[in-house]
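Remarks on the structure that follows.
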Ligand SMILES: Cc1cc2nc3c(=O)[nH]c(=O)nc-3n(C[C@H](O)[C@H](O)[C@H](O)COP(=O)(O)OP(=O)(O)OC[C@H]3O[C@@H](n4cnc5c(N)ncnc54)[C@H](O)[C@@H]3O)c2cc1C
Ligand code: SF4
Ligand code: SF4
Ligand code: SF4
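In the working numbering, the protein residues as written are 68 to 514.
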């Protein structure tokens with residue numbers, strides 16, 4: 068939605084939100100509902116964040132898109148929210164209380180004002196590449212709309228993959244393709260910022276002893292989400308190496324967290340719960356398969372989470388307490404897990420064979436703001452929130468944080484925090500503007 072503003076003046080939002088995931092959308096909606104003008108800036112081609120890739124969510128097993136899609140739609144239709152996609156926030160400089168936010172608008176090679184989202188360019192393009200949204204399992208074209216319910220429904224061309232054949236330009240009914248488009252850097256001024264830049268996962272190869280680089284059947288939690296999604300790459304759960312229906316699936320917990328030697332000493336807080344969720348969904352999808360979760364501790368701290376864990380046990384999911392020391396690929400794509408049990412003293416060293424293994428990777432901050440913004444990082448790398456009484460305030464006045472940008476958390480906590488950040492922004496703006504009005508009135512009286 069483009070706001071009706073004077074085109075001769077640059078658009079100046081009351082608040083700018085960095086990141087269009089669930090945290091950013093919730094903060095933007097709460098601010099906009101209070102009458103504040105918001106700019107929601109997303110680096111990718113659509114808003115939605117990581118939740119777009121999830122199948123269902125713990126602990127309710129609601130479909131993820133049933134939560135995300137209404138918020139995407141509400142954000143895009145709100146008169147007070149201006150959405151910029153394919154745009155990266157690169158730096159923030161604060162001068163006299165005004166934040167100057169540096170944005171890189173990437174070249175999309177498609178004129179968004181002309182594109183009607185018909186996808187004719189996508190159907191005509193022969194240049195195929197692994198789809199990042201399907202964790203590389205499905206295929207995507209060099210040009211196209213990011214996914215079916217992407218917002219906005221606009222095509223983007225990837226110059227790295229384009230064979231410059233020109234077919235898309237020939238089939239486009241609105242002449243929207245612009246091969247000569249250039250990236251643009253712009254500075255937006257605003258009084259408040261919400262950082263909702265979310266997370267990345269550490270590499271599957273962060274622990275070489277797990278040999279993920281030697282087997283396609285050692286996958287990430289996000290890949291398992293896509294395998295379980297009704298519209299996933301295969302439409303059902305198959306193992307990537309040979310398309311076999313798995314009969315024995317292992318989840319290896321803490322595979323990229325709680326280990327200072329890999330730089331992630333903290334707990335990523337959601338992987339126990341999403342492994343349990345995926346195990347339950349797998350029990351439904353593959354009723355005769357064995358499903359085992361290898362864990363050191365189960366972190367099930369939220370409302371209803373312990374019951375969810377107990378339900379998984381009752382459904383027949385195996386829980387083995389111990390540390391997976393090594394994973395060796397064996398014949399037929401199977402995997403041999405070497406496990407140090409912490410519950411069976413007589414059988415301390417165990418070996419278990421599975422045909423698909425899911426590693427619980429560690430959550431890392433997506434955007435390193437140190438050096439380019441006045442915001443400081445905590446020792447774990449996430450945005451520092453030093454005030455216990457004001458948990459979404461950062462070290463920089465007028466800059467607030469929400470969601471996983473401040474540290475690993477689930478969707479419930481992310482949404483609650485995003486609402487709190489919006490409240491803090493409106494309180495901050497009210498105080499700032501009241502002081503400005505008082506000073507103006509005082510100056511008039513003195514004058
Ligand atoms: C495999 C897996 C399964 C999960 N399952 C569940 C579940 O069932 N239930 C549950 O409660 N939680 C679950 N979670 C956790 C859940 O995904 C997060 O709580 C939630 O996505 C956090 O949302 P967010 O908006 O903070 O971050 P994100 O979803 O990461 O969104 C951040 C957005 O910011 C954008 N961005 C980053 N940097 C910039 C920049 N500089 N400029 C512009 N944009 C930027 C990114 O592109 C992204 O779109 C799961 C996590 C994983 C990994
Ligand atoms: S670029 Fe053209 S062909 Fe492609 S989706 Fe947009 S309008 Fe349709
Ligand atoms: S010019 Fe590039 S994007 Fe367009 S159809 Fe050819 S390969 Fe695909
Ligand atoms: S949530 Fe569970 S699997 Fe993830 S790091 Fe914490 S203890 Fe390990």
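Positions of the beta carbon are idealized from the N, C-alpha and C atoms, including for glycine.
Everything numeric in this text was worked out from a predicted model, so none of it was measured.
Collapsed DSSP secondary structure at residue i in the structure displayed
i	result
residue 365	coil
residue 97	helix
residue 199	helix
residue 412	coil
residue 335	coil
residue 315	strand
residue 110	coil
residue 442	coil
residue 432	strand
residue 154	strand
residue 135	helix
residue 423	strand
residue 130	strand
residue 263	coil
residue 257	strand
residue 29	Here the chain covers residues 68 to 514 and nothing more, so residue 29 does not appear.
residue 326	strand
residue 344	helix
residue 183	coil
residue 161	strand
residue 149	strand
residue 375	helix
Candidates the options, of which the one nearest residue i by Cα
i	options	result
residue 197	324, 148, 228, 455	228
residue 317	359, 97, 261, 496	359
residue 441	290, 291, 462, 371	462
residue 361	384, 378, 349, 368	384
residue 263	324, 479, 450	450
residue 332	304, 269, 349, 341	269
residue 220	311, 152, 285	152
residue 448	429, 464, 456, 94	429
residue 17	81, 261, 439, 401	The question about residue 17 has no answer here: the residues shown for the chain are numbered 68 through 514.
residue 137	92, 421, 146	92
residue 147	422, 83, 435	83
residue 247	240, 378, 254, 236	236
residue 488	88, 79, 95, 78	95
residue 326	112, 210, 392	392
residue 351	470, 117, 123	123
residue 486	469, 177, 77	469
residue 482	265, 290, 182, 276	265
residue 254	176, 208, 169	169
residue 282	113, 416, 459, 421	421
residue 412	389, 144, 256	389
residue 238	439, 184, 308	184
residue 117	188, 231, 158, 289	289
residue 181	104, 213, 240	240
residue 119	408, 201, 504, 500	201
Contact set for residue i: own chain, Cβ-Cβ below 7 Å, skip 5 residues either direction
i	result
residue 380	386
residue 508	none
residue 321	363, 427
residue 250	171, 172, 173, 174
residue 160	167
residue 454	460
For residue i: DSSP bridge partner residues
i	result
residue 359	317, 385
residue 252	171
residue 395	403
residue 208	195
residue 223	211
residue 82	105, 259
residue 177	244
Cut-off 6 Å between Cβ atoms - residues of its own chain near residue i, not counting five sequence neighbours on either side
i	result
residue 204	300
residue 357	315
residue 432	448, 449
residue 14	A question about residue 14 goes unanswered here, because the residues of the chain that appear run from 68 up to 514.
residue 280	272
Same chain, Cβ closer than 8 Å to residue i, neighbours up to 5 away in sequence not counted
i	result
residue 259	81, 82, 83, 166, 465, 466, 467, 492, 495, 496
residue 206	195, 196, 197, 198
residue 418	403, 404, 405, 406
residue 367	339, 340, 343, 373, 375, 376
residue 329	269, 273, 274, 323, 429
Legend entry - At least 3 beta-carbon pairs within less than 8 Å: the stretch 338-346 vs the stretch 287-303: yes
Inset, instruction - Kindly confirm or deny that the stretch 365-375 and the stretch 125-136 touch, where touching means at least three C-beta pairs closer than 8 Å. - result: yes
Legend entry - Sufficient close CB pairs (3 or more, under 8 Å) joining the stretch 268-286 to the stretch 484-503: no
Inset, instruction - Please determine if the stretch 93-102 and the stretch 307-326 are in contact, where contact requires at least 3 C-beta pairs separated by less than 8 Å. - result: no
Legend entry - At least 3 beta-carbon pairs within less than 8 Å: the stretch 141-157 vs the stretch 106-115: yes
Legend entry - Meets three-Cβ-pair contact criterion under 8 Å: the stretch 469-488 and the stretch 333-342: yes
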